[in-house]
Each structure stands twice: as structure tokens, then as C-alpha cells.
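**Q** Quick note, the first sequence lines up with residues 3 to 576 if you use the working numbering.
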Amino acid sequence: MDQKNKELAKIFNRIADALEFQGANVFKIIAYRKAARVLDELSQDVEVLSKTNKLSDLPGIGKAIAGKINEYLTTGKMKKYEEVTKDIPGTLFDMLDIQNLGPKTLALAHKKLRVKNLNDLKKAIKNGRLAKLPQMGEKKVENIKQGLDLYERAHERLSIAVAQNVAREIIEYLKKNTEIKDISAAGSLRRWKETVGDIDILTTGKNGAEIIKIFTKFPMTERVLAAGETKSSIIVKGGIQVDLRIVKPKSYGAALQYFTGSKAHNIKLRNIAKSKGLKLSEYGVFKGKKMVAGKTEKEVYKILGLAYVPPELREDRGEVELALKNKIPKFIEMKDIKGDLHMHSTYSDSTATIRQLTDFAWRFNYEYILVTDHSQSAKYAHGLEPKRLYKQWKEIDKINKRSKKSRVLKGVEVDILKSGKLDYPDKILKRCDVVVAAIHQGFTKNVTERICAAMDNPYVDIIAHPTGRLISQREGYAINLHKVMEHAAQTGTWLELNAYPDRLDLNDVYLKIAKEMDIKISIGTDAHSIGALLWMKFGVAQARRGWLEAKNVVNTYSLKKLQTMRKINKNRIE
DNA sequence: GCCGTTTTCGGCCCGACTGTTTTCAGTCG
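#1: For the 8 Å Cβ check, are there 3 or more pairs between the segment 143-156 and the segment 216-223?
#2: Are the CB atoms of V48 and K6 within a distance shorter than 8 Å?
#3: Mapping the DSSP letters down to three states, classify G526 as helix, strand or coil.
#4: Nearest by alpha-carbon distance to N557: which of Q443, A354, I339, V311 is it?
#5: Using alpha carbons as the reference points, say which of E335, L483, K141 lies closest to Q544.
#6: Could you check whether I401 and K412 sit closer than 8 Å to each other, using their CB atoms as the reference points?
#7: For the candidate residues N509, A552, G279, whose alpha-carbon lies nearest to that of F333?
#8: Candidates A295, R316, T298: which alpha carbon is nearest A270's?
#9: What are the residues that DSSP puts in a beta bridge with I371?
#10: S235 and Q243: beta carbons closer than 8 Å?
#11: Can you list the alpha helix (DSSP H) stretches of 4 or more residues lying completely in the segment 226-296, in chain order?
#12: Grab the span of the beta strand (DSSP E) containing L513 for me, first residue to last.
#13: Which complete beta strand (DSSP E) runs does the segment 145-208 hold, if anything under 3 residues is left out?
#14: In whole angstroms, what separates the C-alpha of Y426 from that of G385?
#15: Give the secondary structure of I418 by DSSP, where H, G and I count as helix, E and B as strand, and everything else as coil.
#16: When DSSP builds the beta bridges, which residues end up paired with L472?
#17: When DSSP labels each residue in this structure, what does V438 get in the three-state scheme?
#18: Would you kindly work out how many angstroms separate the C-alpha atoms of C434 and K393, rounded to a whole number?
#19: Would the beta-carbon of I473 fall within 8 Å of that of D504?
#20: If you follow the alpha helix (DSSP H) that N102 is in, where does it begin and where does it stop?
#21: I'd like to know whether the C-beta atoms of A501 and T527 end up nearer to each other than 8 Å.
#22: Over what stretch of residues does the alpha helix (DSSP H) that includes W395 continue unbroken?
#23: What is the residue span of the beta strand (DSSP E) that E498 lies within?
#24: Span of the alpha helix (DSSP H) holding N72?
#25: What is the rounded straight-line gap between the Cα of E387 and the Cα of R452?
#26: Please name the residue in W364, A275, A491 whose C-alpha comes closest to that of N554.
#27: With H, G and I counted as helix, E and B as strand and the rest as coil, what does DSSP make of T223?
#28: Mind reading off the beta-carbon distance from H112 to L94? Whole number of angstroms is fine, and I expect it under 8 Å.
#29: Could you please give the first and the last residue of the uninterrupted alpha helix (DSSP H) stretch that includes E301?
#30: Out of Y83, L44, D417, K406, which one is the CA nearest neighbour of Y368?
#31: Could you tell me the distance, in whole angstroms, from the CA atom of S45 to the CA atom of A211?
#32: Is V555 helix, strand or coil by DSSP?
#33: Kindly indicate which residue of I213, E231, K239 has the alpha-carbon position closest to the one of R225.
#34: Under DSSP, the alpha helix (DSSP H) around I430 begins and ends at which residues?
#35: Nearest by alpha-carbon distance to D96: which of R116, N15, S161 is it?
#36: I need the DSSP call for I13, collapsed to helix, strand or coil.
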């Protein structure tokens with residue numbers, strides 16, 4: 003989906019890399035990067051915008067870049083791209099990801115030492131020639147070498163679940179061993195981004211150097227990258243980088259705002275500050291030399307004339323404009339969730355019995371849960387043939403008899419088979435309270451058509467993990483998500499936001515599109531253990547990042563309402 | 001290369017840290 007959007011984003015980023023490498027005008031580079039980001043997150047098809055001459059309406063895309071987009075869409079090529087990348091070996095671009103090795107140094111090494119790839123770089127380090135270049139020295143080379151080590155350890159972005167755990171441990175450690183008052187994770191972790199590059203932690207305290215000394219002695223520390231008075235970076239076990247910043251209490255809000263980002267969001271804010279004759283930095287909002295705000299984030303936004311923007315929204319996807327007009331809606335929260343619509347029991351491949359699932363789930367004050375074990379073809383997951391399914395239903399009936407307040411619903415996660423048929427006949431699906439359908443086989447075979455066919459079935463309520471991606475592990479199915487979403491809107495089928503941290507599928511950008519298309523979303527944990535029921539929070543955070551309000555999410559509705567909203571009932575009522 | 005309630009030219013967010021320097025460049029966030 004949006005293949006061209008992504009392709010063009012990559013190309014513009016590559017052009018930016020090349021220009022950086024050549025030492026071109028910094029602002030030109032920024033312009034290309036911005037265009038790349040806008041395209042990457044665009045909720046419309048770039049080809050449609052191109053045909054209707056609307057490209058230049060997009061922020062960051064002017065006449066020149068619009069022209070390049072049109073050129074690429076019509077000819078499949080872009081002269082500028084070919085020109086700037088002509089003399090740079092492709093392998094060099096990837097090397098820009100090596101820490102402490104920036105475009106300037108890499109260009110110099112390329113020019114003077116003919117470094118073209120990782121091996122060349124290693125040689126240049128070993129034989130001492132890199133250290134002899136101007137502005138270089140032993141320590142710089144040592145830092146590059148360490149960056150190279152990290153890079154070679156397949157430095158991947160962390161899943162948000164892992165990052166949250168590490169951050170929690172460090173915060174607890176610092177609280178125990180130092181005299182700090184305010185402390186918080188910042189950065190993409192605080193924005194609940196699905197993956198996190200490194201962990202940012204912000205705190206206030208009097209003796210910065212002392213706090214940093216203790217920070218660098220965190221038991222899991224592998225290496226200390228920097229340790230100053232107010233700022234320190236360490237690498238902890240697993241190659242995870244953790245940055246700590248210390249500010250004065252009066253700057254805490256401004257600093258939290260600043261270090262939470264995103265960068266694009268912050269740049270917008272700084273521009274707004276400027277237009278009001280103010281200056282915004284991590285130390286506060288200043289009018290001339292006088293500090294006028296900074297203790298809390300709320301007052302920072304307020305003095306800029308903006309409504310408070312929740313961290314999950316801060317991606318420069320229109321939230322600043324909304325905040326200027328004071329039109330930030332009330333987004334979904336954990337307390338809106340009335341049930342979990344995707345989980346497994348020991349009947350198929352989970353470690354939790356239905357009894358355990360219910361006991362645990364009722365702690366969250368849910369009104370209902372939907373048990374959705376795998377269907378018969380999913381042999382690997384001990385999928386249920388009809389006989390065992392009926393047995394499970396009997397057990398559910400028993401449990402429901404005892405509970406007055408909450409209800410266990412009978413569901414299935416029915417496989418969409420390679421043939422395009424569903425793994426249970428309609429007469430079984432008909433008897434379920436809610437039906438979840440999903441692809442678990444044939445990831446490349448007519449996936450779009452098969453999912454659409456499943457949505458045509460009147461008993462299928464939800465398509466689970468619609469793209470099938472596993473973050474950092476597997477690309478999604480070969481699927482035309484545009485078509486799938488259109489068909490979901492037409493048939494009134496709900497799409498899942500799978501809260502499993504490695505899935506988070508649909509992602510934030512598509513959720514926002516789904517909202518615009520008035521498609522209802524179902525958040526399910528896909529729990530295979532009782533602990534995984536807690537993952538609902540990742541789903542809700544992702545939903546907020548996709549601008550979803552409670553009304554867009556079916557499991558914020560009461561059970562009664564939920565039932566009337568099913569396809570089969572809706573048709574009868576409306 | 002983008003953009004406009006000072007502007008169609010001249011800005012473009014702002015600062016910390018490090019290492020190599022003798023006043024600053026490169027990198028990072």
C-alpha cells in the first residue's frame with residue numbers, strides 16, 4: 003500500500019544523505035528530509051495527489067520537489083537522485099548509521115583513504131591512517147571504532163515493551179541511590195512509539211555530576227559514552243543506549259517537552275515561539291532574558307497559545323495546528339476499554355486456562371472478554387476441531403452462570419485458508435458471539451482477495467492483525483491495504499489493532515486513515531498467557547497515536563451496544 | 001529546497017559534549 007509514497011520517501015532521504023556527504027547547504031538537506039518524512043507518513047496516495055496537482059499543498063513540498071515527484075511517477079526515474087548519488091558507492095550510505103561517524107568524516111575518509119565499505123574503514127582504523135586525517139585523533143577513532151562495534155551487533159530498534167522495562171529499572175535505581183525529585187522517561191518511549199532507538203531519561207537535581215556518576219555505575223552498564231555535568235550517555239547490556247539529562251526544577255517542564263520530541267513537533271513549537279517574540283529551549287520559554295514559563299509542560303504549551311498536546315500525538319502530523327485552534331479531541335484512554343476481543347486459552351496454544359483468563363481480566367473491570375482460539379487447520383497451534391470447540395463453549399457457559407457482572411464471549415480466530423475459504427462453516431460461525439478472522443498461512447497468495455472474501459461473510463466481525471507484520475522480524479503479507487480498508491468500510495467489518503508489542507497492527511498511520519474512513523477498530527491483546535492481557539496498554543497508546551477516540555473503538559462500547567453493532571444485527575436494525 | 005502578518009530574498013531550532021584545537025568543527029539529540 004502506498005508503495006510510491008514509501009519509495010519516494012526513501013529516494014528523498016537518499017538524496018539528503020548524498021547532499022550531506024557532499025557538504026551541501028544544510029537547509030537544503032533539511033528540506034529533503036522533511037519532504038521524505040511527509041511522504042512516508044502521508045495518509046493519501048501520492049499518485050492521486052500528483053494527478054490532481056495537489057502535491058504542493060503538502061507541507062514541505064514546493065515546486066521543485068513536486069516536479070521531482072511527478073518526474074519519478076511518470077518516468078520511473080529522477081535525474082537529481084541519479085546525479086547526486088552517481089559518485090558515491092551504495093555501501094557508504096548505510097555507514098552513516100554508525101555512531102560518531104558522520105557525513106563529514108566519512109566523506110573525508112572516502113576522498114583521502116578511498117574508504118568504500120566497512121572493511122575499508124576497519125583497515126583505515128587499524129593502520130592508523132584514519133587518525134592522521136585533519137581534525138582526527140586517537141580518541142575520535144576509538145569512538146568510531148566503538149560505534150562500529152555497536153553497528154555490527156545488528157543494532158536494531160527496541161520494542162517498546164523491552165524499552166519500558168529497561169527504563170523502569172534505571173529510574174528505580176536512580177530513585178533509590180540519589181536525591182532526585184522529578185524523573186521521567188522522555189523521547190520516543192514517552193511518545194509510545196512502537197519501537198525505540200535509545201532510552202531518554204530526564205531528571206532534576208542539584209548535584210548533576212554526582213547523579214551522573216551514580217548513573218554510570220548502573221549495574222547493567224557496559225560502556226560510558228559521555229559523562230558531563232548535565233548530560234550522560236551509557237550503553238547497557240544488549241547494546242541499548244541510555245541518555246540521562248539533568249535540569250533545574252524550574253526548567254523541568256520545558257526540558258520534558260524538549261526531550262520528548264518529536265524533533266519535527268519541537269521545531270514547529272520553536273517557530274511559534276519565535277513568531278510571538280519568545281524563545282523556546284530546554285531551559286524554558288524566554289522573553290528577552292526573562293523566563294516566562296518552563297516549570298511544567300502545560301505552561302509551556304499555554305504560553306505559546308496552544309492546547310496541551312499529549313505525548314503520543316507529538317509527531318507533527320497536524321496536532322500543532324489542532325492545538326492552535328484548541329481543537330484537540332479527547333482521545334481514547336485505558337479507562338474507556340470495556341473488554342478484550344482477542345485472546346487464546348489452553349484449548350489451543352496459550353498457557354492460560356479460560357478460568358485464569360477470566361479471573362485476571364475481571365481485575366481490569368472489563369465487562370466482557372472474547373475467547374478466540376485458533377481454528378482446526380492451525381495444527382501447529384492445536385487449533386480446535388468443532389468437537390473441542392463445543393466443549394469449550396460448555397465450559398464458558400458454566401463460568402458465565404457464576405458471574406453476574408462480566409461475561410465471557412464465545413469467539414474464534416478462524417483461519418482464512420489458502421483457498422480463500424474460512425476454516426469453519428457458517429453454521430459454526432453463526433453460533434459465535436463475535437468472530438475474528440485472520441491469515442496465518444499463504445502470506446503471499448492472493449491475500450487481499452482472501453481477506454475481502456472473508457469480510458463478505460456476514461458472520462465475520464473482525465479481521466485480526468490485518469497486515470501480518472512482526473516488528474523487526476517480518477514484513478507484512480503481500481497485501482493492498484487500501485483495498486482491504488475500503489472493503490472494510492463497505493462491509494462494516496471491524497479491523498483489529500493487535501496490541502501484542504511485536505505486532506501493533508494496524509500501525510498509527512493506518513489507524514488515522516481508518517478513522518478518516520469511519521472504519522471501526524477493535525483492540526485485542528492476542529494474549530497467549532494471562533500476563534499478556536496487560537498489553538492492552540500498548541494497544542491503547544498506539545490507538546492514541548492514531549488519533550482514535552473512544553467512539554472509534556468497538557471495545558469501548560457496552561456489551562449490549564457492541565452486539566447491536568455487529569454486521570448481522572446492524573443490517574436488521576438500521 | 002521551502003516559505004511569507006517584517007520578507008519573493010534571506011532566513012531556516014537550539015544547545016551539550018568531545019576532541020582537536022589555540023578558537024572551533026563534528027556529531028548527536
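Ideal Cβ positions, reconstructed from N, Cα and C, are used throughout, including at glycine.
**A** On the basis of the supplied data:
#1: no
#2: What you label residue 6 is simply residue 4 of the first sequence in a count that begins at 1. What you label residue 48 is simply residue 46 of the first sequence in a count that begins at 1. Yes.
#3: Start at 1 with the first residue of the first sequence, and residue 526 comes out as number 524. Three-state result, G526: strand.
#4: Your numbering for residue 557 matches position 555 in the first sequence. Selected option, being the one with the closest Cα: I339.
#5: Along the first sequence, one-based indexing puts residue 544 at 542. Comparing Cα positions, the closest option is E335.
#6: If you number the first sequence from 1, residue 412 lands on position 410. If you number the first sequence from 1, residue 401 lands on position 399. Going by C-beta atoms, K412 is not nearer than 8 Å to I401.
#7: Taking the first sequence and counting its residues from 1, the one referred to as residue 333 is at position 331. F333 has its Cα closest to that of A552, out of N509, A552, G279.
#8: For the purposes of this step, residue 270 is taken as residue 268 along the first sequence, with counting starting at 1. The identity of residue 270 in the sequence shown is Lys, whereas the question assumes Ala. Of the listed residues, the one whose Cα sits closest to K270 is R316.
#9: As a first step, residue 371 is located in the first sequence; it is residue number 369 there, counting from the start. According to DSSP, I371 bridges with D342, V410.
#10: As a working note, residue 235 is residue 233 in the first sequence. As a working note, residue 243 is residue 241 in the first sequence. Yes.
#11: 254-262, 265-277
#12: Residue numbering aside, residue 513 sits at position 511 when the first sequence is read from its first letter. Premise fails: L513 lies in the alpha helix (DSSP H), 510-518, not in any beta strand (DSSP E).
#13: 185-187, 201-206
#14: Position 424 of the first sequence, counted from the first residue, corresponds to residue 426. Position 383 of the first sequence, counted from the first residue, corresponds to residue 385. When rounded, the distance between both Cα atoms is 11 Å.
#15: Position 416 of the first sequence, counted from the first residue, corresponds to residue 418. Residue state, collapsed to three classes: strand.
#16: Residue numbering aside, residue 472 sits at position 470 when the first sequence is read from its first letter. BP columns for L472 point to R476.
#17: For the purposes of this step, residue 438 is identified with residue 436 of the first sequence, where counting begins at 1. V438 falls in the strand class under three-state DSSP.
#18: Here residue 434 refers to the residue found at position 432 of the first sequence. Here residue 393 refers to the residue found at position 391 of the first sequence. So the two alpha carbons sit approximately 14 Å from each other.
#19: Residue numbering aside, residue 473 sits at position 471 when the first sequence is read from its first letter. Residue numbering aside, residue 504 sits at position 502 when the first sequence is read from its first letter. Yes, these two residues count as a Cβ contact at 8 Å.
#20: Walking along the first sequence from the start, residue 102 turns up at place 100. Per DSSP, N102 belongs to no alpha helix (DSSP H) and is neither H nor E.
#21: Within the first sequence, numbered from 1, the residue matching residue 501 stands at position 499. Within the first sequence, numbered from 1, the residue matching residue 527 stands at position 525. Closer than 8 Å, so yes.
#22: Reading the first sequence from its first residue, position 393 is the one you call residue 395. Per DSSP, W395 belongs to the alpha helix (DSSP H) from 388-404.
#23: Indexing the first sequence from 1 puts residue 498 at position 496. Taken as a continuous stretch (DSSP letters only), the beta strand (DSSP E) holding E498 covers 496-500.
#24: Counting from one through the first sequence, the residue named residue 72 turns up at place 70. Looking at the DSSP string, the run of the alpha helix (DSSP H) that includes N72 is 65-77.
#25: As a first step, residue 387 is located in the first sequence; it is residue number 385 there, counting from the start. As a first step, residue 452 is located in the first sequence; it is residue number 450 there, counting from the start. Using only the alpha carbons, I get a separation of about 22 Å.
#26: For the purposes of this step, residue 554 is taken as residue 552 along the first sequence, with counting starting at 1. Comparing Cα-Cα distances from N554 to each of W364, A275, A491, the minimum goes to A491.
#27: To locate residue 223, count along the first sequence from 1; it is residue 221. Note: T223 maps to strand in three-state DSSP.
#28: Position 110 of the first sequence, counted from the start, is the residue given in the question as residue 112. Position 92 of the first sequence, counted from the start, is the residue given in the question as residue 94. At roughly 6 Å, the Cβ-Cβ gap stays under 8 Å, so H112 and L94 are in contact.
#29: The sequence position of residue 301 within the first sequence is 299, counting from 1. From DSSP, the alpha helix (DSSP H) with E301 extends over 299-305.
#30: Mapped onto the first sequence, residue 368 falls at position 366. For Y368, the nearest C-alpha among the options comes from K406.
#31: By one-based count along the first sequence, residue 45 stands at place 43. By one-based count along the first sequence, residue 211 stands at place 209. Those two C-alpha atoms are separated by around 46 Å.
#32: As a working mapping, residue 555 is identified with position 553 in the first sequence. Reduced to three states, the DSSP call for V555 is strand.
#33: Indexing the first sequence from 1 puts residue 225 at position 223. Considering only alpha carbons, the answer is K239.
#34: Counting from 1 along the first sequence, the entry for residue 430 is found at position 428. Run containing I430: 428-431, per the alpha helix (DSSP H) assignment.
#35: On the first sequence, residue 96 is found 94 positions in, with the first residue counted as 1. The option with the nearest alpha carbon to D96 is N15.
#36: Your numbering for residue 13 matches position 11 in the first sequence. Here I13 sits in helix by DSSP.
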